[in-house]
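Residue numbers (the working numbering), protein chains in the order written: chain A, 1 to 178; chain B, 179 to 347. To keep things clear, I will list the structure first and then write my remarks on it.
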Amino acid sequence: MRKDIFTRVLKDHRNRIYSHALRCLRDPDDAADVTQEAFLRLWRRGPDIEEDRLAAWLTRVTHNLCIDHARRTRTVHTYFGTPDIEAANSLAAAPEPESFPETDQQRALLDALETLPPETRSILLMHYFQGLKLREIASTLDMNLNSVKVRVHRARKTLRLILDDVSSTPSTAKWMTG
Amino acid sequence: MTGRCETIEMQLAEYVSDELSADERAEVESHLAICHPCREELAREVALHETMGTMVETPCPSSVSNIILTEVAIADRSSVNTSWWSRSSATLGLIAAAALLAMVLPTRTPTMNNDEFASALPETNSWTQDDLNKARLDLQWTLSYTASIIDRTEKQSLVNVLRHLQTGS
């Protein structure tokens, strides 16, 4: 891949990729790792990918990396226990406010998303956060459209309680009557 | 809940994101008009759509882009540059880094004297270009990673990070 094309792709997609990983993994360091790895893979595989498929390719790689990361973290926590958050916080600088600019409702929903399998969490982020159509997600991930629909449907059922809270807000009520 | 409700509920995400054909849309709407549980499910779908759809993108930190571009530049250079100077500059880089580490970690330098340290290093004239490229990549990655740790912890230097870890202060 030519360097100028790579730099343009990096500039155009880095915020989208980083934001997806950050919302999926909820950790700026993990999101940074996933973003770096996704773009370095793109650099290595660049010549094999058609230019109009680059965005979808990056999305799929990010999805897979997030799943791997989430599984690895879960395995580490299962065998070695959860990290001492207080000790880690004493060393780390306070996260920049713009890292997590969500409202309380959005934060509560993201917390609830963590109870879902990482594949489903990432699919929901692609659809609702990135605005990809379900058929685009199916094609990007090489999945059957019906499987994507089933995952979204089941996730909504799982998130039912928190969504009932959110759906009673005036803005949603306005959408319903409009 | 009927089998019909299950079918309609499966289509609600596509209904809200406007992915259905006109016929499918009309079918969903006619069912919603007579089914209260499905309207409740629609409200949940809208809540999901609105809550996540209004989240803003978080800018990717410039340190992440810098590391990516640095690694790409190294990989790019190492694939074409095989001159004597590149080998020499890689060796000089390694020596400079070793000297830097020796200055940064004076109290941590092991008991090894200079001669022992030199003899512990592999013979530089037996290195292949591939060895040098790998060493250079390792070194660049280590320096980038160290810099990112210093940035994240705001400890200004590696010494302060190590001191913090050692004393827990």
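Just so it is clear, CB atoms sit at the ideal spot from N, CA and C, and this is done for glycine as well.
- Y128/A is a Cβ neighbour of L226/B, given a cutoff of 8 Å.
- At a Cβ-Cβ threshold of 8 Å, L132/A and V152/A do not count as neighbours.
- By a beta-carbon distance limit of 8 Å, Q189/B contacts E202/B. Their separation comes to about 7 Å.
- In terms of Cβ geometry, E119/A and I162/A do not form a close pair [threshold 8 Å].
- Rounded to the nearest whole angstrom, the CA to CA distance from K149/A to R121/A is 13 Å.
- It is roughly 16 Å from the alpha-carbon of D27/A to the alpha-carbon of L109/A.
- In the DSSP assignment, L198/B falls outside any alpha helix (DSSP H) and carries neither an H nor an E.
- Residues of the stretch 180 to 206 of chain B whose Cβ lies closer than 7 Å to any Cβ of chain A, in chain order: E187, M188, A191, E192, S195, E197.
- Looking at the backbone, the Cα of T229/B and that of A191/B are separated by about 14 Å.
- In this structure, E218/B keeps its C-beta atom at 8 Å or more from the C-beta atom of N15/A.
- The three-state reading of DSSP puts N64/A in helix, counting H, G and I together.
- DSSP places Q130/A outside both helix and strand once states are collapsed to three, so it counts as coil.
- C-alpha of A56/A to C-alpha of W43/A: approximately 15 Å in a straight line.
- Contact of T35/A with chain B by beta-carbon distance below 7 Å involves C238, V242.
- Not one beta carbon of chain B lies nearer than 8 Å to the beta carbon of R26/A.
- The beta carbon of H227/B sits closer than 8 Å to some beta carbon of chain A.
- Comparing alpha carbon positions, the residue from E50/A, H63/A, D29/A closest to I327/B is D29/A.
- For C238/B and L247/B, the gap between their C-alpha atoms comes out near 14 Å.
- Looking at T115/A, V166/A, L134/A, the one whose alpha-carbon comes closest to that of A70/A is T115/A.
- With fewer than 16 other beta carbons inside 10 angstroms of its own, T103/A counts as exposed.
- Taken through DSSP and simplified to helix, strand or coil, I49/A comes out as coil.
- Taking I252/B as the centre and dropping the five residues before and after it, the same chain places the C-beta of L315, Q318 closer than 6 Å to its C-beta, in chain order.
- For M126/A, same chain residues with a beta-carbon under 6 Å away, outside a window of 5 residues either side, are L132, I137 in chain order.
- Proximity of S139/A to chain B, defined by a Cβ-Cβ separation below 8 Å, is not satisfied.
- For E228/B, the enclosing alpha helix (DSSP H) begins and ends at 214 to 231.
- If you check each beta-carbon in the stretch 40 to 58 of chain A against every beta-carbon of chain B, the ones closer than 9 Å belong to L40, W43, R44.
- One finds P239, V242 in chain B with Cβ atoms closer than 7 Å to the Cβ of A32/A, taken in chain order.
- H214/B counts as exposed, since fewer than 16 other C-beta atoms from the protein chains shown sit within 10 angstroms of its C-beta.
- With respect to the 8 Å criterion, V194/B and V224/B are classified as neighbours on the basis of their beta carbons.
- The beta carbon of I49/A lies closer than 7 Å to those of W57 in the same chain, with the five residues before and after it left out.
- Residues of the stretch 320 to 345 of chain B with a C-beta atom less than 7 Å from some C-beta of chain A are R330, T331, E332, H342, listed in chain order.
- Between Q36/A and I245/B, the gap from beta carbon to beta carbon is short of 8 Å.
- In the structure shown, T236/B adopts coil according to DSSP, grouped into three states.
- Counted as a single uninterrupted DSSP element, the alpha helix (DSSP H) harbouring T320/B occupies residues 307 to 331.
- Rounded to the nearest whole angstrom, the C-alpha separation of V61/A and A38/A is 6 Å.
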